[in-house]
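Q: Below are the structure tokens for one structure; questions will follow.
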């Protein structure tokens, strides 16, 4: 099959205010910069359907494309998936929690279950690492709760969407929408397997249902004896596109990992050379921490705006008409700022 010809992504100024590249790094049908006229029309159709049902948030083109790709560009199925995601966000109050979320028990939880983003692979994508061997849910639930663990996972997914991936895209000079994931099974024996796989199943469902099209590569390392046999059966149930992204490795994984991740970006315990001060698992190092590429996330901006508004409330109440007189000017300034933000940066 011939590679799709590049075509500029049709942006909607009402929703699309990207300040990073919007063309995928490789030609793939259905990906930004390589849409057919029909696929572009399906983006517009999905947006109109969602608007007609009262949805106003997350209707930007890149988000809608991820939901469409996840449902093979079946607009009705993508619409159902999007609505179910929005219902989940509302039930969990994720948008309210995100700007102020704190996870002070993180360091204690990580003694049992490190889950962290750390630098980038050779394609510029964030590297995400999970170490499953130390999971002890009984001990962990004395420190935190299952609900808080899953909420923190969702918050981290939100932070992948913004600010991590935008920063990586700016640095790479091309749109990056996926992560390179390492799941380390070292220490996962028969006794631990049920609780390990039970939690991983919950976390995977959250990822698949609400954060589609975020998987770039998945390396399963130090997989236990017999895992390859199970995998040979399981992969028959999966989409071939997904199967191509998953690499099941045993204990001799270093060569393949280093083919995808620079040694200086890979923690030393996995065969790399990186030794962050305080531990790689707590550093959160990456382009999103580099001044040249980092920008405040949209949810961070909303938090600052809310804090500024809260500080002005008492003064506004005292000044009465003076505060009212200043409102139109403030509104005009806010509108001007929105218009500036709506101008997409060149890819």
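Numbering (the UniProt record's numbering), first residue to last: 1 to 347.
Where a beta carbon is used, it is the ideal one built from N, C-alpha and C, also for glycine.
Bear in mind that the values here come from a model prediction, so they are computed numbers and not experimental data.
(1) Can you give me the Cβ contacts of residue 144 inside the same chain, cut-off strictly under 7 Å, excluding the 5 residues immediately before and after it?
(2) What does a CB cutoff of less than 8 Å around residue 92 pick up in its chain, not counting 5 residues either side in sequence?
(3) Does the region 81 to 92 come into contact with the region 200 to 212, if we say contact requires no fewer than three beta-carbon pairs (one atom in each stretch) closer than 8 Å?
(4) Let me know the secondary structure DSSP gives residue 216 once reduced to three states.
(5) Can you name the residues that DSSP bridges to residue 130?
(6) Quick one: what's residue 273 bridged to in DSSP?
(7) Under 8 Å by Cβ, that's how I've got residue 53 and residue 59 pegged, so tell me the actual separation to the nearest angstrom.
(8) Name the residue from 66, 57, 24 whose alpha carbon lies nearest to the alpha carbon of residue 43.
(9) Secondary structure at residue 316, three-state DSSP: helix, strand or coil?
(10) Are residue 7 and residue 33 close, meaning C-beta to C-beta below 8 Å?
(11) To the nearest angstrom, how far is it from the Cα of residue 164 to the Cα of residue 57?
(12) Span of the alpha helix (DSSP H) holding residue 160?
(13) Using 8 Å for Cβ pairs, my map puts residue 217 next to residue 180. What's the rounded Cβ distance?
(14) Going by C-alpha distance, which of 173, 299, 126 is nearest residue 23?
(15) If you draw a straight line from the C-alpha of residue 255 to the C-alpha of residue 35, how long is it?
(16) Can at least three beta-carbon pairs, one atom from the region 301 to 311 and one from the region 124 to 136, be found at a separation below 8 Å?
(17) Start and end of the beta strand (DSSP E) containing residue 246?
(18) On the criterion of 16 or more Cβ atoms from any shown chain inside 10 Å, does residue 236 qualify as buried, or is it exposed?
(19) Going by Cα to Cα distance, which pick from 61, 127, 267 is closest to residue 15?
(20) Starting from the Cα of residue 162, find the closest Cα among 12, 4, 289 and give me that residue.
(21) With contact counted as at least three CB pairs below 8 Å, one residue from each stretch, are the region 244 to 251 and the region 214 to 229 in contact?
(22) Between residue 30 and residue 123, what straight-line distance do the alpha-carbon atoms span, to the nearest angstrom?
(23) What is the DSSP secondary structure of residue 83, counted as helix, strand or coil?
A: With the structure as the only source:
(1) 105, 109
(2) 151, 154
(3) yes
(4) strand
(5) 115, 183
(6) For residue 273, which the question treats as bridged, DSSP gives no partner whatsoever.
(7) In fact, because the Cβ distance is near 11 Å, the residues do not count as touching under 8 Å.
(8) 66
(9) Interpretation of residue 316 is limited by its pLDDT of 43, a score under 50 that renders its predicted location unreliable; no figure is taken from the coordinates.
(10) yes
(11) 20 Å
(12) Neither: residue 160 is in no alpha helix (DSSP H) and is coded neither H nor E.
(13) Sure, about 5 Å apart at Cβ, within 8 Å.
(14) 173
(15) 35 Å
(16) Result no; under three Cβ-Cβ pairs closer than 8 Å.
(17) First-last of the beta strand (DSSP E) with residue 246: 246 to 248.
(18) exposed
(19) 61
(20) 289
(21) yes
(22) 20 Å
(23) helix
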